[in-house]
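One structure is given here, and the rest of the page talks about it.
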Amino acid sequence: MVYFVGAGPGDVDLITVKGRKLLEKADVIIYAGSLVSSEHLKFCREDAIIIDSSRLTLEEIIEYIRKYDGEDKVIVRLHTGDPTIYGAIGEQMDQMDKLGIKYEIIPGVSSFTASCSVLKKEFTVPKISQSIIITRLSGRTSVPESEDLELLAKHKASMAIFLSVQDIDKVVEKLIKGYEDENVPVAVVYKATWKDEKIILGTLKDIAEKVKSVGINKTAQILVGEFLKKSSRSLLYSKNFSHGFREAKE
Ligand code: SAH
1 MVYFVGAGPG
11 DVDLITVKGR
21 KLLEKADVII
31 YAGSLVSSEH
41 LKFCREDAII
51 IDSSRLTLEE
61 IIEYIRKYDG
71 EDKVIVRLHT
81 GDPTIYGAIG
91 EQMDQMDKLG
101 IKYEIIPGVS
111 SFTASCSVLK
121 KEFTVPKISQ
131 SIIITRLSGR
141 TSVPESEDLE
151 LLAKHKASMA
161 IFLSVQDIDK
171 VVEKLIKGYE
181 DENVPVAVVY
191 KATWKDEKII
201 LGTLKDIAEK
211 VKSVGINKTA
221 QILVGEFLKK
231 SSRSLLYSKN
241 FSHGFREAKE
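Each residue of the sequence shown is one higher than the one before, counting from 1 in UniProt numbering.
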């Protein structure tokens, strides 16, 4: 049996209880060494087989899985954040379906919600935005034309942009065209919840220079939208609003 486990964004305590229990029990752990903190490994059994997947190809990973699954071992495939977002688990699951290997996915705290949390903000602010767009720039993986950043920006929804900080100039250029405004707030969060976390705040006008001046070119979230600036009171706790548990006072 293989468990795809979300390790969370960085801080090792941000894994789920279910994920941690599986790590403690696993015979084999295949982890993405470049993005998952090696601190997670201190919870593994001393005799567990630990494999760093950062230098392996898909075929090599599948070969390890096939071998150890054949020996009836419990295998944890530890992924950064939540495995269902830019986790490249689809291609692994396809191979496992072909080989008849059983698997389960254990969700995790994604870096986009972790980044919003360290900023002490809420993506969904009443009257500002009630939607979150999760996206990226095209890289080795292309993005469909209909999801181009410029088009998505026109919605003026809250945005979390993954895998793109190395091209911050291009991100900003597309967002300014979409928003038709340079004053939209932007936050870049580097390594949210890690010890070397960095937060850079600005607007579409100045964020690129700020990010480049501190040398951030990977492992960062670019969060964009008015939610970073404004907050407005939620109806849920307003005295004028009735809901299932409380009558309106006025
Ligand atoms: N599955 C992961 C994303 C993997 S793709 C998740 O749910 O978070 C890798 C990208 O995620 C990075 O390029 C970066 O944009 C983002 N990322 C991962 N960890 C991060 C962190 N701790 N802080 C900020 N961004 C992070």
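Cβ atoms here follow ideal geometry from the backbone N, Cα and C, with glycine treated the same way.
Does DSSP put residue i in a helix, a strand or coil?
i      : result
Ser164 : coil
Glu250 : At Glu250 the pLDDT is 49, less than 50, meaning the model places this residue with poor confidence; the figure from the coordinates comes in the next sentence. Coil, per DSSP.
Tyr86  : coil
Ser138 : coil
Gln130 : coil
Val171 : helix
Glu104 : strand
Phe227 : helix
Lys18  : helix
Asp94  : helix
Lys198 : strand
Val12  : helix
Leu58  : helix
Leu99  : helix
Lys67  : helix
Leu152 : helix
Ser34  : coil
Ser110 : coil
Met1   : coil
Glu180 : coil
Taking the DSSP output, what are the residues bridged to residue i?
i      : result
Pro185 : Thr203
His79  : Gly6
Gln221 : Val189
Val29  : Reading the sequence as shown, one finds Ile at residue 29 and not Val. DSSP output for Ile29 lists Ile50 and Val76 as bridge partner(s).
Val118 : According to DSSP, which records beta bridges pairwise, Val118 is partnered with nothing at all.
Ser213 : Ser213 is not bridged to any residue.
Met159 : Ile133 and Val224
Val125 : Ser129
From the options, pick the residue whose C-alpha is nearest to that of residue i; which is it?
i           : options                           : result
Met159      : Glu60, Thr124 and Gly70           : Thr124
Val109      : Ser54, His79 and Ile89            : His79
Ala114      : Lys198, Lys205, Val211 and Leu204 : Lys198
Ile101      : Ile128, Asp82, Lys120 and Tyr68   : Tyr68
Arg20       : Lys212, Leu41, Gly70 and Lys156   : Leu41
Leu151      : Gln166, Asp169, Ser164 and Thr135 : Thr135
residue 292 : Ile133, Lys154 and Val186         : For residue 292 there is no data in the structure shown, the boundaries of the chain being 1 and 250.
Glu46       : Ile216, Val28 and Thr16           : Val28
Asn183      : Glu104, Thr203, Ser54 and Gly90   : Thr203
Met1        : Pro9, Tyr31 and Arg66             : Arg66
Pro9        : Leu23, Ser117, Lys25 and Ile62    : Ser117
Tyr190      : Lys170, Tyr86, Leu35 and Lys25    : Leu35
Arg77       : Asp169, Pro126 and Ala26          : Ala26
Leu201      : Val188, Asp82 and Pro126          : Val188
Contact between the region 136-151 and the region 195-214 (3+ Cβ pairs under 8 Å):
no
Between the region 212-224 and the region 151-168, are three or more C-beta pairs nearer than 8 Å?
yes
How do the region 84-102 and the region 53-68 stand: do at least 3 beta-carbon pairs fall below 8 Å, yes or no?
yes
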